[in-house]
Amino acid sequence: MSVIVTDTGFGSDDWRGEALELASDTAPETLSEAAKGQDMIVIDFPSVADGRGFTLARLLRVRGYTGRLRARGYVIADQYAMARRAGFDEVEIDDALAARQPEDQWLFRADWRAGDYQARLRG
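Following our numbering, the numbering of the sequence shown begins with 4 at its first residue and continues without gaps.
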């Protein structure tokens, strides 16, 4: 099983449609074409140290993708605010990670706009 993390905490997966799954090593130049007509895109994170998924999410949003965007895999609570700022709507983690990093640790980072250094600089 898996747990879906949003700004309101832990929940179950309510998605019932098709989703485009992208690997972290997806070529950025292919994103615009791949995203066309997709209601949901899931980007895999094979390792906590692999941040390429954050770049892919940001590029999708900059290029106009407005659908649901999910990070899946090895994303930890400390990375939640960064995931949201990159453009993800939610994070999918496995039950083992949810047990090691309970909901309160994710909720602590749910106010992801508050610590946005760049937004504070823009005024």
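We put the CB at the ideal spot given by N, CA and C, even for glycine.
{"Query": "So, with DSSP's three-state summary, where would you put residue 95?", "Result": "strand"}
{"Query": "If you measure between the beta carbons of residue 48 and residue 74, is that distance less than 7 angstroms?", "Result": "yes"}
{"Query": "Any idea if residue 102 is buried or exposed, counting beta-carbon neighbours within 10 angstroms, 16 or more meaning buried?", "Result": "exposed"}
{"Query": "Give the DSSP-derived three-state secondary structure of residue 78 in the structure shown.", "Result": "coil"}
{"Query": "For chain C, find out if any of its Cβ atoms is closer than 7 angstroms to the Cβ of residue 13; answer yes or no.", "Result": "Chain labels in this structure do not include chain C; a single protein chain is all it has."}
{"Query": "From which residue to which residue does the alpha helix (DSSP H) around residue 33 run?", "Result": "That residue, residue 33, is in no alpha helix (DSSP H); it is neither H nor E in DSSP."}
{"Query": "Could you compute how far the alpha carbon of residue 55 sits from the alpha carbon of residue 27?", "Result": "6 angstroms"}
{"Query": "Indicate the three-state DSSP secondary structure (helix, strand or coil) for residue 9 in the structure shown.", "Result": "strand"}
{"Query": "Leaving out the 5 sequence neighbours to the left and right, which residues in its chain are closer than 7 angstroms to residue 18 when beta-carbon positions are compared?", "Result": "43"}
{"Query": "Is residue 56 helix, strand or coil by DSSP?", "Result": "helix"}
{"Query": "So what does residue 71 bridge to, in DSSP terms?", "Result": "43"}
{"Query": "Beta carbon of residue 25, beta carbon of residue 46: below 7 angstroms?", "Result": "yes"}
{"Query": "Can you list, in chain order, the residues of its chain with a C-beta nearer than 8 angstroms to that of residue 2? Leave out the 5 residues immediately preceding and following it.", "Result": "Residue 2 lies beyond the stretch modelled for the chain, which goes from 4 to 126, so this question has no answer here."}
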